[in-house]
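Okay, structure first, notes after.
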Amino acid sequence: MSADIPTQLVTGLQVLAAQEPEGPEFGKASPLGLLIIIVLLVATALLIRSMNRQLRKLPKTFDTDHPEPDQAFDEGTDSVDPTDVGGPPHTDDVQADERKSAGT
């Protein structure tokens with residue numbers, strides 16, 4: 132039975148391919164389709180233009196030898212305090228919490 136399905140499918144596709152398309156509207160494109168394509172092309176052009184503007188704002192290199200320009204932007208966020216309450220938990224604390232929740 133399963134061998135009949137692929138042969139039936141191939142036969143059906145051959146019949147569909149052999150039929151000539153009919154109707155007065157066959158092969159004619161809608162003006163709405165052209166409008167959609169034009170809108171998509173304009174949107175793509177605007178996105179490319181916007182991306183180019185954003186890329187021009189990036190530095191030529193991300194040189195770590197002279198971080199002065201970055202420090203002005205990053206002032207106050209470059210230090211990590213391990214006793215900070217909102218900071219990431221220490222590994223020992225996490226393991227102790229897991230042992231407590233497991234009841235061991």
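Going by the numbering used here, the first residue of the sequence shown is number 132, and it counts up by one from there.
Where is the CB? At the ideal position from N, CA and C, for every residue including glycine.
Taking the continuous alpha helix (DSSP H) assigned at residue i, which residues delimit it?
| i | result |
| --- | --- |
| residue 189 | Run containing residue 189: none; DSSP gives neither H nor E here. |
| residue 143 | 135–149 |
To the nearest angstrom, report how far apart residue i and residue j are at their CA atoms.
| i | j | result |
| --- | --- | --- |
| residue 166 | residue 176 | 15 Å |
| residue 181 | residue 174 | 11 Å |
| residue 158 | residue 145 | 21 Å |
| residue 193 | residue 187 | 14 Å |
| residue 168 | residue 151 | 28 Å |
| residue 191 | residue 178 | 22 Å |
| residue 196 | residue 189 | 17 Å |
Nearest chain B C-beta to residue i closer than 7 Å, yes or no?
| i | result |
| --- | --- |
| residue 149 | Absent from the structure is chain B; it holds one protein chain and no more. |
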